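Be aware that the sequence shown starts at 1, since it is given in full-length UniProt numbering, and climbs by one per residue.
Built from N, CA and C at the ideal position, the CB exists for glycine as well.
Quantities reported herein were computed from a predicted structural model and do not represent experimental measurements.
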Amino acid sequence: MAESAQTISDQIHDMLDDLTRAERQLALSVLENYPASGLGPLTALAKDADVSVPTVARMVQKLGYKGYPEFQMALREELKAKVKTPIAKHDTWAEAAPSGHILNRFTEAVIENIRLTLSQIDPVAFDHACDLIADVNRHLFIVGGRITHTLAEYLFLHMQVVRSDVTHVQSTANTWPHYLLDAKEGDVFVIFDMRRYENNTLKLAELAHGRGAKIILITDQWRSPVHQMATVCLSNRIVVPSAWDSATTTMLLLETMVSSVQTLNWSQTKGRIERLEDMFDETKLFRKFT
């Protein structure tokens, strides 16, 4: 059995560049719903990833296991060890609260979401998304849903400063034709769609894709149906001990994206910020303490 201080997820991520196309497709499928994806029958895993059974067997062997049963045994042992001996379990984030307090449980869940998300995002895909967003020759449309419209607005407000030709598509379907009217081939749509995936968002994506637009999808680990049309799909973990999903990891991605696009467009962005600050001074929008 393979011996490693790394998790199986870490091992898979480290070997992504050395896999064949089919093996990489399988690896991404495993990582997408890790660890549950590796606990079912071999044939089910192959079917979910749309690869052959021999492909699963080859990748398992590349990980250092003799076969799929040994791989599953290692995965179960990893989960068992995690339950028995959580790393630094005696340390808590909110020291004044018990380790089981919601402040600590929620924080641990968020940090695990961040770790898993960053281990699974392809930096090349992320950079490609930023390049598309930064390209001022492409009109940028930003779309959110019932809850994610707040994330869409956050990105929109920053992109308004960073670059020109940015549109925030409102989340009411009866206005979409007005926005799509001027969309051209090669324009970019950043679409937020988390579970419960919205039919209206899917329809908008279909219309935009039909006009030749590039779609950057920001979604959860199960992936919105929009991913089938996306040029880049950025999945992130959202599950926390709450009736609502967490936006923390998504916000981390957004803020990193804003930083990247700002750097790519700095020559234009610097001038836009200077002009904006001049307008703020003229309108006395902000208090000055000097």
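Among the options, the one whose alpha carbon lies nearest that of residue i
| i | options | result |
| --- | --- | --- |
| His-149 | Ile-218, Leu-26, Leu-42 and Phe-106 | Ile-218 |
| Leu-264 | Cys-130, Glu-78 and Gln-221 | Cys-130 |
| Thr-117 | Cys-233, Pro-241, Ile-273 and Ser-260 | Cys-233 |
| Val-261 | Gly-271, His-158 and His-168 | His-158 |
| Leu-63 | Ala-44, Arg-21 and Ser-9 | Ser-9 |
| Thr-107 | Pro-69, Val-258 and Ala-247 | Ala-247 |
| Glu-78 | Leu-181, Arg-115 and Thr-7 | Thr-7 |
| Arg-196 | Ala-36, Trp-244, Arg-105 and Met-15 | Trp-244 |
| Tyr-65 | His-178, Asn-33, Ala-125 and Gln-11 | Gln-11 |
| Ala-125 | Asn-33, Arg-105 and Thr-231 | Thr-231 |
| Val-190 | Arg-105, Ala-213, Gln-61 and Phe-280 | Ala-213 |
Local Cβ density within 10 Å of residue i, reported as buried at 16 or more and exposed below that
| i | result |
| --- | --- |
| His-13 | buried |
| Asn-174 | exposed |
| Asp-278 | exposed |
| Glu-255 | exposed |
| Ser-224 | buried |
| Thr-85 | Because the pLDDT of Thr-85 is 42, which lies under 50, any placement of that residue in the model is unreliable, and the number read from its coordinates should be weighed accordingly. By the neighbour-count rule (16 or more Cβ atoms within 10 Å), Thr-85 is not buried but exposed. |
| Leu-204 | buried |
| Ile-238 | buried |
| Trp-266 | exposed |
| Trp-176 | buried |
| Lys-89 | Bear in mind that a pLDDT of 41 at Lys-89, under 50, signals an unreliable position, so the model cannot answer this. |
| Ala-44 | exposed |
| Val-83 | Interpretation of Val-83 is limited by its pLDDT of 48, a score under 50 that renders its predicted location unreliable; the figure taken from the coordinates is listed afterwards. So Val-83 counts as exposed. |
| Leu-253 | buried |
| Lys-270 | exposed |
Cβ-Cβ separation, residue j to residue i (assumed contact under 8 Å), whole Å
| i | j | result |
| --- | --- | --- |
| Val-30 | Ala-46 | About 11 Å separates the two Cβ atoms, so there is no contact after all. |
| Arg-163 | Gln-268 | 7 Å |
| Leu-132 | Ile-216 | 6 Å |
| Gln-221 | Ser-242 | No, Gln-221 and Ser-242 are not in contact; Cβ-Cβ is about 16 Å, not under 8 Å. |
| Thr-249 | Ile-121 | Not quite, the Cβ-Cβ distance comes to about 10 Å (not below 8 Å), so this is no contact. |
| Val-240 | Val-110 | 6 Å |
Cβ-Cβ distance between residue i and residue j below 8 Å
| i | j | result |
| --- | --- | --- |
| Val-143 | Phe-192 | yes |
| Met-38 | Leu-75 | Note that residue 38 is Gly in the sequence shown, not Met. Yes; because the gap between Cβ atoms is below 8 Å, this pair is in contact. |
| Val-188 | Leu-140 | yes |
| Ala-27 | Met-73 | no |
| Val-161 | Leu-276 | yes |
| Thr-201 | Val-166 | no |
| Val-51 | Leu-42 | no |
| residue 291 | His-168 | The requested residue 291 is not part of the displayed model; the chain covers only 1 to 290. |
| Arg-211 | Glu-185 | yes |
| Met-229 | His-209 | yes |
| Leu-181 | Leu-207 | no |
Local conformation of residue i per DSSP, three classes
| i | result |
| --- | --- |
| Asn-236 | strand |
| Ile-87 | Note on Ile-87: pLDDT 43, under 50, position unreliable in the model; the coordinate value appears next. Three-state DSSP puts Ile-87 in coil, outside helix and strand. |
| His-139 | coil |
| Tyr-124 | Reading off the sequence, residue 124 comes out as Val, not Tyr. Correct three-state label for Val-124: helix. |
| Thr-219 | strand |
| Arg-272 | helix |
| Lys-66 | coil |
| Thr-148 | coil |
| Val-169 | strand |
| Asp-278 | helix |
| Asp-50 | coil |
| Asp-193 | strand |
| Lys-203 | helix |
| Thr-92 | Bear in mind that a pLDDT of 49 at Thr-92, under 50, signals an unreliable position, so the model cannot answer this. |
| Glu-77 | helix |
Min CB distance residue i to chain D below 8 Å
| i | result |
| --- | --- |
| Ser-242 | The chain labelled as chain D is not found in the depicted structure, where only one protein chain is given. |
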